[in-house]
Amino acid sequence: MSDAPAPTADDPAFLGRLRSVSEELATDLTEELGAPRVLAFLWTTFLRNGDLPTAYFLPLLVRFREESAERTVAALLARIRAETGRTFAVPVSYEPPDEHEPLGRLSAGHEAVWGLDPVDIAVCAAEGVQCLLADRDRFLWPLCPDHRVVPHATRTPGGAAWVCSVTSHVVAPIPD
3 MSDAPAPTAD
13 DPAFLGRLRS
23 VSEELATDLT
33 EELGAPRVLA
43 FLWTTFLRNG
53 DLPTAYFLPL
63 LVRFREESAE
73 RTVAALLARI
83 RAETGRTFAV
93 PVSYEPPDEH
103 EPLGRLSAGH
113 EAVWGLDPVD
123 IAVCAAEGVQ
133 CLLADRDRFL
143 WPLCPDHRVV
153 PHATRTPGGA
163 AWVCSVTSHV
173 VAPIPD
């Protein structure tokens, strides 16, 4: 069991550091503190590294986002293989920061992956998997079993999910 204190979004030193890093990265990291895994990642990084310069913090943040996207893509590809027997590859790629993308550009397939929250990343990554397979392989997946249409990757109150475009019911959860 860890002796580290539980993550808290109201610690003044923690918030001060997040605001400073946010300013340097031209993005507001404090907006993401409502997501438990983001709070835990940021808090743990703060506890382990203290006043870590932004140039050293950014690779940790990038890796957190990449791992979330890679986890979702791998789980979806495993599900496709289990359901259809077909094997596909969908790349997760990262381009370094520039003046337009201060956190760099993360992609699943050819779709941009936005956010820090693993739920938001899962929605984007699922869309990337679905679009690449449709465009490149002419493979439509998943299908709503009730309506035989391709659902949309969406953030729901229960997390990331495939939602039917006909009646808006949840077809299946998206792993995050």
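If you count by this note's numbering, then the sequence shown holds residues 3 to 178, one letter each, in order.
Don't be surprised by glycine CBs; every beta carbon is placed ideally from N, CA and C.
Exercise. Can Asp-119 and Val-40 be called in contact, C-beta distance under 7 Å?
Worked result: Taking the first residue of the sequence shown as position 1, residue 119 is located at position 117. Taking the first residue of the sequence shown as position 1, residue 40 is located at position 38. Taking 7 Å as the cut-off, the beta carbon of Asp-119 is found closer than this to the beta carbon of Val-40.
For this session: Would you list the one or two residues that DSSP bridges to Pro-175?
Result: To locate residue 175, count along the sequence shown from 1; it is residue 173. Beta-bridge pairing by DSSP links Pro-175 to Ala-163.
Exercise. What's the call for Asp-178, buried or exposed, on a 16-neighbour Cβ count within 10 Å?
Worked result: Numbered from 1 along the sequence shown, position 176 holds the residue referred to as residue 178. Flag for Asp-178 reads buried.
Exercise. Taking buried to mean at least 16 other C-beta atoms within 10 Å of its own C-beta, is Leu-142 buried or exposed?
Worked result: For the purposes of this step, residue 142 is taken as the residue at position 140 of the sequence shown. By the 10 Å Cβ count, Leu-142 comes out exposed.
For this session: Could you name the residues that DSSP lists as bridge partners for Tyr-96?
Result: Taking the first residue of the sequence shown as position 1, residue 96 is located at position 94. As a beta-bridge residue in DSSP terms, Tyr-96 pairs with Leu-108.
Problem set entry | Three CB pairs or more closer than 8 Å across the stretch 83-100 and the stretch 38-57 | In short, these stretches do not touch, since the Cβ pair count stays below three.
Exercise. Between Ala-37, Pro-104, Arg-50, Leu-27, which lies nearest to Ala-11 when the distance is taken from Cα to Cα?
Worked result: Position 9 of the sequence shown, counted from the first residue, corresponds to residue 11. For the residues Ala-37, Pro-104, Arg-50, Leu-27, the minimum Cα distance to Ala-11 belongs to Ala-37.
Exercise. What is the rounded straight-line gap between the Cα of Thr-74 and the Cα of Glu-33?
Worked result: Counting from one through the sequence shown, the residue named residue 74 turns up at place 72. Counting from one through the sequence shown, the residue named residue 33 turns up at place 31. Distance from the CA of Thr-74 to the CA of Glu-33, rounded to the nearest whole angstrom, comes to 23 Å.
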